[in-house]
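At position 18 of the sequence shown the residue is numbered 214 (our numbering), and the sequence of numbers has no breaks. Idealized CB from N, CA, C, for every residue including glycine. Since we're looking at a predicted model, the values are computed, not measured. Here is the structure we will look at, set down as structure tokens.
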Amino acid sequence: MSHIFISYSRTDQIYARRLKDYLQNQGFQVWMDDRINYGDAWFREISQAIRACGAFIVIMTPAADASEWVHKEILIAIKHEKQLKRGLIFPLLLAGEEFDILIDRHFFDVRDGSLPPQSYLETLEAVAPKDTIPTAARRWLELIENPMTEAPQRLEAGSELAALGDPRCGIGLKDNGLPDFDWVKMPGGKFYYQKTGRPDIGTFYIARYPVTYPQFQVFIEDGYADKRFWEGLAQQPESAAPQKWPAANHPRENVNWYEAMAFCRWLSFKLTGEIPVLEHARYWPVRLPTEKEWERAARGKKDRRNFPWGRDYLSGYANVDETRTNSGPYRLMRTTAVGMYPHGASPEGLLDMSGNVWEWTLSPYMVKDELALGSREGRVLRGGSFDYFDRDAKVHFRLNSFPDFRFDNIGFRVCTANLNP
């Protein structure tokens with residue numbers, strides 16, 4: 197959802213805070229800087245917030261007109277407005293005269309100290325729709341976004357969001373009862389693979405999060421017992437293993453490779469009305485990623501980084517056991533809700549690519565051209581998990597497992613070659 201950015205001089209911070217509270221009480225999401233000094237790093241964050249906003253409010257006063265920072269913010273907003281090709285800047289005149297740089301803009305006169313009228317709010321809502329996320333959930337989401345939040349607090353935040361009804365896209369179900377995935381595009385081309393490789397790969401889309409408990413539960417209830425979804429696979433389990441941490445926003449664990457494949461086949465059928473052939477699994481509407489696709493998604497294309505966020509492990513960036521390698525103090529020894537470490541995202545914004553649960557891939561562990569999908573060959577797991585070391589969560593680390601193996605630290609995520617899902 198687009199937020200409203202408030203630009204103001206520190207001299208006018210009392211009114212700015214009144215305005216922020218007023219807009220938030222009206223249901224808008226507001227971004228306002230409360231710091232005394234900017235600095236280069238902080239101003240980069242401000243620039244990003246302006247480029248992501250749906251509406252830019254500048255509180256015009258003589259002090260703001262004399263502020264170098266306010267003028268910098270206005271110039272960024274003007275440039276962003278040109279790119280949007282629509283109105284973005286909505287000035288409020290609190291004191292003095294309108295700014296020369298905004299001379300052609302319509303402004304609302306609040307020189308009596310009043311807050312803007314309903315007509316102004318309606319104008320804002322047209323470009324920055326009101327926040328539909330409940331205040332309680334918003335509070336926990338903001339806590340997660342803060343890189344300084346400790347791992348135990350992230351675990352608690354996930355539990356609270358599950359209890360409230362986690363509002364994030366890509367975690368639950370659609371209105372039609374099928375899994376809702378937040379697809380992220382992975383542009384094709386050459387990328388850095390393992391320690392020396394530089395393969396070329398086609399464009400694909402991959403889910404931002406691992407498959408969650410309720411998303412897999414739909415398959416258990418609707419298609420798990422249907423033999424058609426297991427045809428050609430070396431094994432069909434009698435029943436699914438129970439989830440160890442059955443929260444609505446946690447990754448589905450205790451899943452073996454056969455079950456992950458059957459889930460993809462079932463969902464492909466639900467979307468197309470056709471049961472895909474096992475030998476054509478690379479082309480299913482919904483499928484497991486190959487290990488090359490998985491590593492491309494986790495690492496990005498530009499460098500040979502070891503973790504989704506960069507070269508070195510950073511404490512608190514993933515749900516792993518940091519204590520046994522002295523890389524940090526955290527050791528939760530259980531899954532968290534998906535997406536609890538946004539600062540540990542991949543270059544394209546994928547979450548949990550390091551830690552939380554291992555993820556099945558389509559690929560056999562013994563490297564070869566064929567996938568041998570009907571065999572009992574070991575399959576590649578990627579990404580590490582909550583009970584493994586940080587070094588095992590490196591984007592190039594490969595783990596071998598029999599396809600019938602289940603454990604509470606193993607899950608999966610899905611991908612697709614198109615956006616029809």
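Span separating the alpha-carbon of residue i from that of residue j
i: G580; j: D586; result: 8 Å
i: R483; j: F304; result: 53 Å
i: I202; j: L374; result: 39 Å
i: A260; j: R213; result: 15 Å
i: N445; j: Y409; result: 7 Å
i: Q314; j: Q225; result: 17 Å
i: G354; j: E455; result: 26 Å
i: A494; j: P543; result: 8 Å
i: E555; j: D217; result: 43 Å
i: E321; j: A251; result: 9 Å
i: P599; j: R478; result: 18 Å
i: R500; j: K386; result: 12 Å
i: A541; j: E241; result: 17 Å
i: H199; j: S243; result: 14 Å
i: Y513; j: S205; result: 35 Å
i: F286; j: L298; result: 10 Å
i: F582; j: M549; result: 12 Å
i: E491; j: E294; result: 53 Å
i: K440; j: G361; result: 20 Å
i: G223; j: T319; result: 14 Å
i: A436; j: F412; result: 10 Å
i: W505; j: T521; result: 19 Å
i: R404; j: P538; result: 11 Å
i: I367; j: L547; result: 12 Å
i: I232; j: E264; result: Since pLDDT at I232 reaches only 43, below the 50 mark, its modelled position is unreliable, and no value is offered.
i: K266; j: I246; result: According to the sequence displayed, residue 266 carries Val and not Lys. V266 and I246: Cα-Cα distance of roughly 12 Å.
Span of the alpha helix (DSSP H), counted from its first residue to its last, around residue i
i: T331; result: T331 to E341
i: L357; result: A347 to L360
i: N596; result: N596 -> not in any alpha helix (DSSP H); beta strand (DSSP E) instead, spanning L595 to S597.
i: F201; result: No alpha helix (DSSP H) holds F201; the beta strand (DSSP E) holding it covers I200 to S203.
i: E417; result: Y409 to D418
i: L219; result: Q209 to N221
i: A273; result: E264 to L280
Identity of the residues DSSP links to residue i by a beta bridge
i: C611; result: I402 and R483
i: K173; result: Nothing can be reported for residue 173: it is not among the residues displayed for the chain, which extend from 197 to 617.
i: F585; result: D517
i: I285; result: F252
i: P375; result: L369
i: P447; result: T408
Coarse secondary structure for residue i, derived from DSSP in three states
i: D396; result: strand
i: F603; result: coil
i: L290; result: coil
i: S310; result: coil
i: L577; result: strand
i: F304; result: strand
i: P363; result: coil
i: L369; result: strand
i: Y388; result: coil
i: I299; result: coil
i: I232; result: Because I232 sits at a pLDDT of 43, beneath the cut-off of 50, its placement in the model cannot be relied upon, and the following sentence gives the value as read from the coordinates. DSSP places I232 in coil when its eight states are reduced to three.
i: R206; result: helix
i: E455; result: helix
i: Q244; result: helix
i: D261; result: helix
i: R461; result: helix
i: W441; result: coil
i: V323; result: helix
i: K423; result: helix
First through last residue of the beta strand (DSSP E) which encompasses residue i
i: A251; result: A251 to M256
i: V226; result: V226 to M228
i: W556; result: W554 to P560
Next item on the list: Write down every uninterrupted run of the alpha helix (DSSP H) in the segment 467 to 549 whose length is 4 residues or greater and which is fully enclosed by it, in chain order.
Entry: 487 to 495
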